[in-house]
Amino acid sequence: MKREKNLVFVPANKDKPAHYLTEITLNYRRVRRFAGFTKEEARAKLAELRIAAKQGKLEETIKPEQPKDLFGEYARAVLDSAEWKSKRSAGRNEISLQHLNNDFKNSRLIDIKPGAVRRYVTRRIQEDGASPATVNRELSFLKSILYAAEADEIIPANPIRGRRVKKQPENNHREKAILGLNLTDDKIRDMVDAAAEYLKPILKIALTTGMRRDEILEMKWRDVDLQLGTVRIPAENAKSKRERTVPIDPDMCVDLDSMPRKGEYIFLNPETGQRIKDVRGSFAAACKAADIKTGRPDGLVFHDLRHLAAYHLVKVTDIVTASKILGHASLDMTLRYVHPTDTDKYEAVRKVAENLFRGRQKDVNAKNLTSSEGLENRILLH
4 MKREKNLVFV PANKDKPAHY LTEITLNYRR VRRFAGFTKE EARAKLAELR IAAKQGKLEE
64 TIKPEQPKDL FGEYARAVLD SAEWKSKRSA GRNEISLQHL NNDFKNSRLI DIKPGAVRRY
124 VTRRIQEDGA SPATVNRELS FLKSILYAAE ADEIIPANPI RGRRVKKQPE NNHREKAILG
184 LNLTDDKIRD MVDAAAEYLK PILKIALTTG MRRDEILEMK WRDVDLQLGT VRIPAENAKS
244 KRERTVPIDP DMCVDLDSMP RKGEYIFLNP ETGQRIKDVR GSFAAACKAA DIKTGRPDGL
304 VFHDLRHLAA YHLVKVTDIV TASKILGHAS LDMTLRYVHP TDTDKYEAVR KVAENLFRGR
364 QKDVNAKNLT SSEGLENRIL LH
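So the sequence shown is numbered by the working numbering: it starts at 4 and just counts up by one.
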């Protein structure tokens, strides 16, 4: 920019032609306003402002502009965009914004520093009684808004990027609730057996693959390959927004193949013929029939079937494979379900020793035995 006292020249760009701005100080703040497209227009505008200043009317002449970088307004605009409205987390994001607005609504985005966010976290947990998991979701949303502002060039960089504000350790209440229900394999089978016919395949898929409820209910025939035994989860249906392919059990393929195909979706309401969007009622009925407590905070909910599947998967396969099936964004998420016992650890060490040392000794013994047999045979032949 080429400067002349109290005037700023702005060169043309692809969006705006070249123009001038007036630049003055008002109430200790630098204020810039459009002054015209020529230097003559700009000087005339500046002369008007100087006259207003002498008359004590400068503040009336220059009406303060509403800042465009306030957290509340920017976050609201982001949430109202088509991209964010289509997110699965749209409802939860609205709740997060309500809480964040209590502290940051009128804060400039660039002024939201780590210290202020840490104070917010402390207040939410200690005064509001919010759970660490809830606060972590709010922090994640806040970071997303600040990254969006960085991408829009409203702020030069996300002021809380990286680990400047630490994630709160979660108490994994849902996992504790599941363990407290003492769900045996027999009880799980009783629940599936007691379920309505249309619900049974949904439960089986959830329990064996760990697919999320909406990922199952939004399954389409075109995404299932019954010969290969796989189901494709499109990116738009996945929580992580990344497509993945999940294997399904051969018996499940047989069950699906026997179902009528009356539309693009697999799971239809038997009464209305429309896609099933919720199974809370029928799921609760199946649990009740199997004498399983349902509902939060301490009963079983449908999403807990994903946790149960994860527990079983990490027992029968390696953690990387389990993580890929579950669609976890990182191995850390899958590690929550790994709870090795002392017996597991002992058995692991025993197997390593078996492979490295005792296995070798067996080979030596076998070789010696073979040599001895060969010698005996040669003696007999002579």
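No residue lacks a Cβ here, since even glycine has one placed at the ideal position from N, Cα and C.
Item	Value
Counted within 10 angstroms of its Cβ, other Cβ atoms place Val138 as buried (16 or more) or exposed	buried
Glu239 versus Phe360 - alpha carbon distance	51 angstroms
7 angstroms Cβ cutoff met for Lys60 and Thr25	no
Bridge partner(s) assigned by DSSP for Leu103	Answer by DSSP bridge pairing: none, since Leu103 is not bridged.
Neighbour-count burial assignment, Ala152, 16 or more Cβ in a 10 Å radius	buried
Buried versus exposed, by CB contacts within 10 Å (16 or more), Met214	buried
Nearest neighbour of Glu267, chosen from Ala292, Met222, Leu231, Arg247 [CA to CA]	Met222
Buried/exposed call for Phe40, threshold 16 Cβ in 10 Å	exposed
Identity of the residues DSSP links to Asp228 by a beta bridge	Thr233
Of the residues Glu7, Ala356, Pro172, the one placed nearest Asp335, counting alpha carbons only	Pro172
For Gly39, the three-state DSSP class (helix, strand or coil)	strand
Residues of its chain near Lys170, where Cβ-Cβ distance is below 6 angstroms and the 5 sequence neighbours each way are ignored	Asn139
Helix, strand or coil at Thr275 [DSSP, three-state]	coil
One or two residues paired with His22 in a DSSP bridge	Val13
Rounded separation between Asp1 and Asp131 - CA only	Outside the displayed span of the chain (4 to 385) sits residue 1, for which this structure offers no information.
Beta-carbon proximity check, Pro117 vs Val168, cutoff 7 angstroms	yes
Stretch pair the stretch 274 to 284 + the stretch 233 to 247: three plus CB contacts closer than 8 angstroms	no
CB contact flag (Arg2, Asp226, <7 angstroms)	Lying outside 4 to 385, the shown extent of the chain, residue 2 is not represented and no answer is given.
Straight-line gap, Lys291 to Tyr150 (C-alpha atoms, nearest Å)	45 angstroms
Buried/exposed call for Tyr23, threshold 16 Cβ in 10 Å	buried
Span of the alpha helix (DSSP H) around Arg164	Here Arg164 belongs to no alpha helix (DSSP H), and DSSP marks it neither H nor E.
Coarse secondary structure for Glu267, derived from DSSP in three states	coil
Candidates Val323, Leu206, Ala241, Ala356: closest to Lys90 by CA position	Ala241
Three-state secondary structure (DSSP) of Val282	coil
Three-state class that DSSP yields for Lys8 in the structure shown	coil
Distance between beta carbons of Leu202 and Val394, contact taken as under 8 angstroms	The chain is shown from 4 up to 385; residue 394 falls before or after that span and cannot be answered.
Endpoints, the alpha helix (DSSP H) within which Thr320 is located	Element bounds for Thr320: n/a, residue is neither H nor E.
Outcome for Ala356 when other beta-carbon atoms lying within 10 angstroms are tallied against a minimum of 16	exposed
Continuous beta strand (DSSP E) stretch holding Thr248: start and end	247 to 250
Proximity to Phe107 [Cα-Cα], best of Glu200, Arg121, Asp228	Arg121
Uninterrupted alpha helix (DSSP H) stretches inside the stretch 116 to 148 (no shorter than 4 residues)	117 to 129
Own chain residues within Cβ distance below 6 angstroms of Ser285, not counting five before or after	Ala199, Leu202
Chain-order list of residues whose beta-carbon lies under 8 angstroms from that of Glu44 (same chain, five-residue window excluded)	Tyr23, Ala38
Minimum C-alpha distance to Asn394 - residue among Asn272, Glu51, Ala21, Arg95	Since the first residue shown for the chain is 4 and the last is 385, residue 394 is missing from the structure and cannot be characterised.
Same chain, Cβ closer than 8 angstroms to Ala160, five either side skipped, listed in chain order	Glu153
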